[in-house]
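Undergrad: Just dropping this structure here.
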Amino acid sequence: NAGVTQTPKFQVLKTGQSMTLQCAQDMNHEYMSWYRQDPGMGLRLIHYSVGAGITDQGEVPNGYNVSRSTTEDFPLRLLSAAPSQTSVYFCASSYGQGGSHTQYFGPGTRLTVL
Amino acid sequence: AQSVAQPEDQVNVAEGNPLTVKCTYSVSGNPYLFWYVQYPNRGLQFLLKYITGDNLVKGSYGFEAEFNKSQTSFHLKKPSALVSDSALYFCAVRVPGTGFQKLVFGTGTRLLVSP
Chain A
23 NAGVTQTPKF QVLKTGQSMT LQCAQDMNHE YMSWYRQDPG MGLRLIHYSV
73 GAGITDQGEV PNGYNVSRST TEDFPLRLLS AAPSQTSVYF CASSYGQGGS
123 HTQYFGPGTR LTVL
Chain B
297 AQSVAQPEDQ VNVAEGNPLT VKCTYSVSGN PYLFWYVQYP NRGLQFLLKY
347 ITGDNLVKGS YGFEAEFNKS QTSFHLKKPS ALVSDSALYF CAVRVPGTGF
397 QKLVFGTGTR LLVSP
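These protein sequences, in sequence, are chains A and B.
Position one of the first sequence corresponds to residue 23 (the working numbering), numbered consecutively onward.
Position one of the second sequence corresponds to residue 297 (the working numbering), numbered consecutively onward.
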């Protein structure tokens, strides 16, 4: 199993550009999520999905869109990039019930918005 | 609102000495608590979790954590540190009332183990 994969690893955008960060998992996990990591702030939840076709907002959803058409894929779209979106983005997947399951993280995408 | 605090930005310890990385939490209801580790340029890796039961939880790589309800703490410990333990450590708490595991993370503690 490859686990959770993310592409690209690095990306530089200009303000106003759009792009999609890709995330895929091959563990048949029902839950997937996107976090951003900023210095001194830990990880913050952007969006999450509890299954194909079902998504919801996390703590910092503004400026981002997601969709979940398959169990495996959970892309994150930046509609109009802003310098405040410069961050490291992590995708995670998990399974189980009751909140006790473990999340598996991808290697991250480092995004810089100029 | 649920929150976790990691009061130390950095912990320095010599190899072979015991280490402790501190975490305190604030949550309504019973807490589900987690520790994750992040090595340079890598994603987070799960170390251990407390859901219920024994207050001393054992995890990966020889780490353990002690849940203390009265002090609302969940400190990460290891009896003998290795240089390879040097990394960024995150404590996290699950937001109750959600089927999905919404986690609130602390700001992280950098552990530096010197030879």
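Built from N, CA and C at the ideal position, the CB exists for glycine as well.
These numbers come from a predicted model, not from an experiment.
Would you say A/M63 faces chain B, with C-beta separation under 9 angstroms as the test?
TA: Yes, because at least one Cβ of chain B sits closer than 9 angstroms to the Cβ of A/M63.
Undergrad: Quick check: A/R132 and A/Y117, are their CB atoms within less than 9 angstroms of each other?
TA: Cβ atoms of A/R132 and A/Y117: not closer than 9 angstroms.
Undergrad: Could you compute how far the alpha carbon of A/N87 sits from the alpha carbon of B/A377?
TA: Roughly 42 angstroms separates the two Cα atoms.
Undergrad: For A/Q60, which of helix, strand or coil comes out of DSSP?
TA: A small correction: the amino acid at residue 60 of chain A is Asp; Gln does not occupy that position in the sequence shown. Three-state result, A/D60: strand.
Undergrad: Going by Cα to Cα distance, which pick from A/V72, A/G64, A/Q33 is closest to A/D95?
TA: Ranking the options by Cα distance to A/D95, first place goes to A/V72.
Undergrad: Could you tell me the distance, in whole angstroms, from the CA atom of A/P105 to the CA atom of A/I68?
TA: Those two C-alpha atoms are separated by around 17 angstroms.
Undergrad: Could you spell out where the beta strand (DSSP E) holding B/H371 opens and where it closes?
TA: 369-374 is the extent of the beta strand (DSSP E) around B/H371.
Undergrad: Should the stretch 310-322 of chain B be called in touch with the stretch 361-368 of chain B, which here means at least 3 C-beta pairs below 8 angstroms?
TA: Because the criterion of three Cβ pairs below 8 angstroms is met, the stretch 310-322 of chain B and the stretch 361-368 of chain B touch.
Undergrad: Go to B/V353, then tell me how far its beta strand (DSSP E) extends in each direction, as first and last residue.
TA: From DSSP, the beta strand (DSSP E) with B/V353 extends over 352-354.
Undergrad: Which of the three DSSP states is assigned to A/Q107 in this structure?
TA: A/Q107: helix per DSSP, three-state reduction.
Undergrad: Could you tell me whether any Cβ in chain A is nearer than 9 angstroms to the Cβ of B/G402?
TA: Yes, contact with chain A.
Undergrad: Let me make sure I understand the geometry here. Which of B/Q397, B/Y328, B/Q302, B/K373 has the alpha-carbon closest to that of B/Y357?
TA: When only C-alpha atoms are compared, the closest one is B/K373.
Undergrad: Any beta carbon from chain B within less than 9 angstroms of A/R58's own beta carbon?
TA: Answer no: the Cβ-Cβ gap between A/R58 and chain B never drops below 9 angstroms.
Undergrad: Roughly how many whole angstroms lie between the Cα atoms of B/Y328 and B/R390?
TA: Answer to the nearest angstrom: the Cα atoms are 5 angstroms apart.
Undergrad: Report the rounded CA-to-CA distance for A/D60 versus B/G355, giving the unit in angstroms.
TA: Cα-Cα distance, rounded: 27 angstroms.
Undergrad: Take B/Q298 and list the residues in its own chain whose beta-carbon comes closer than 6 angstroms to its own, dropping the five residues that flank it on each side.
TA: V323, V389, V391, V400, listed in sequence order.
Undergrad: Would you tell me roughly how many angstroms separate the C-alpha atoms of A/R58 and B/F359, rounded to the nearest one?
TA: Taking the straight line joining both Cα atoms gives about 26 angstroms.
Undergrad: Taking buried to mean at least 16 other C-beta atoms within 10 Å of its own C-beta, is A/Y53 buried or exposed?
TA: Buried, since its Cβ has 16 or more Cβ neighbours within 10 Å.
Undergrad: Just the Cα atoms here: how many angstroms apart are A/P97 and B/A310?
TA: Distance between the alpha carbons of A/P97 and B/A310 is about 42 angstroms.
Undergrad: Helix, strand or coil, according to DSSP, for A/G85 in the structure here?
TA: Coil.
Undergrad: Can you pull out the residues from the stretch 329-344 of chain B whose beta carbon lies closer than 9 angstroms to at least one beta carbon of chain A?
TA: Answer set for the stretch 329-344 of chain B: F330, Y332, Q334, N337, R338, G339, L340, Q341, F342.
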